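Working notes, structure below.
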Amino acid sequence: MPSDIPRSVLREIERRYGKPKVIWKQWRITDDELAMIRASQKDGRAHDVTLFIFRKGKLAVIRKPNHPKGVYRAPSGAVKRGEDFEAGALREAYEETGLTVRLKRYLMRLRVKFVAPSGCVDWTTHVFLAEPVSGRLRPIDTREIESARWVSIDELQTKIRKTMLESGRSLLRYRVWLTDKTISLLEQIGWELR
0 MPSDIPRSVL REIERRYGKP KVIWKQWRIT DDELAMIRAS QKDGRAHDVT
50 LFIFRKGKLA VIRKPNHPKG VYRAPSGAVK RGEDFEAGAL REAYEETGLT
100 VRLKRYLMRL RVKFVAPSGC VDWTTHVFLA EPVSGRLRPI DTREIESARW
150 VSIDELQTKI RKTMLESGRS LLRYRVWLTD KTISLLEQIG WELR
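Residue numbering for the sequence shown follows numbering that gives the first Met the number 0, starting at 0 and increasing by one per position.
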């Protein structure tokens, strides 16, 4: 499965933030969801960087305008073509949350084949643990992000999780699965979640 991020860049990120757990997954989506992913693939994009930003036992989450009521998830976005990977991740964190963050650890690289009735897309999600350095939690890019807030892991894994699963949207179920994997990994490495 090819990646739009050069291997040399990923090796440097791994050197700085650790080797991630690599997971391969096939995920069924609808044709509408496939069209949405394809629309995001300008300049050959085939990835997102997802940031689990923790402060005092709470996680920064965002809500997009097209999400059903009550749906929040970890912020994520793309590194632009030609942009330094770390700079792109930090830019996305700031645009979506208003926070200047520090990357702490490269947790996971999820190599996903999204499969719809009309076709498929190869995708990579790079998951990082981060901490806020400065700023106030409020989205800067208010066209893409409706709101941002701090939530406990318990709220994320109960009320918000239930809402996402009940949405009927396969890509939101993917975000639930991604979050479950991330929280499990953080527990394994002894990260203080509560």
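We treat Cβ as the ideally placed atom computed from N, Cα and C, and that holds for glycine. Here the structure is a predicted model, which is why all the values come from computation and not from measurement.
Quiz item: Quick one, are the C-beta atoms of residue 124 and residue 111 less than 8 Å apart?
Solution: yes
Quiz item: Looking only at DSSP bridge pairs, what is residue 24 linked to?
Solution: 111
Self-check item: Sequence ranges, alpha helix (DSSP H) only - wholly within the stretch 51 to 114, length at least 4
Solution: 84 to 96
Self-check item: Close Cβ partners of residue 113 (< 7 Å) along its chain, the five nearest in sequence each way excluded
Solution: 26, 28, 33, 36, 119, 120 and 122
Quiz item: Going by alpha carbons, who is nearest to residue 138 out of 76, 98 and 85?
Solution: Residue nearest to residue 138 within the set 76, 98 and 85 is 98 (criterion: CA-CA distance).
Exercise. Quick one: residues in its chain with C-beta nearer than 8 Å to the C-beta of residue 191, no 5 flanking neighbours on either side, listed in chain order?
Key: 56
Self-check item: Straight-line gap, residue 174 to residue 159 (C-alpha atoms, nearest Å)
Solution: 11 Å
Quiz prompt | Cβ neighbours of residue 67 in the same chain (closer than 6 Å, five flanking residues each side left out) | solution = 166
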